[in-house]
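S.K.:
Residue numbers (UniProt numbering): 1 to 59.
#1: In whole angstroms, what is the alpha-carbon distance linking residue 50 and residue 44?
#2: Taking only three categories from DSSP, how would you classify residue 21?
#3: Give me the Cα-Cα distance between residue 33 and residue 20, rounded to the nearest whole angstrom.
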């Protein structure tokens, strides 16, 4: 279903995140677009910090 599509998009590299943002923005009302985009930006920033720390500890 939808989650499988999201996983394929994320695995496809640089095109994944913009495509995911487009899919999610279609699911949200106009009044909540800023909140959605802010949440996605915060999540991206958080994973940019946690990801390298986690994988450095693992490897």
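All C-beta atoms in this analysis are idealised placements derived from N, C-alpha and C, irrespective of residue type, glycine included.
M.R.: If we stick to the structure as given:
#1: 10 Å
#2: helix
#3: 14 Å
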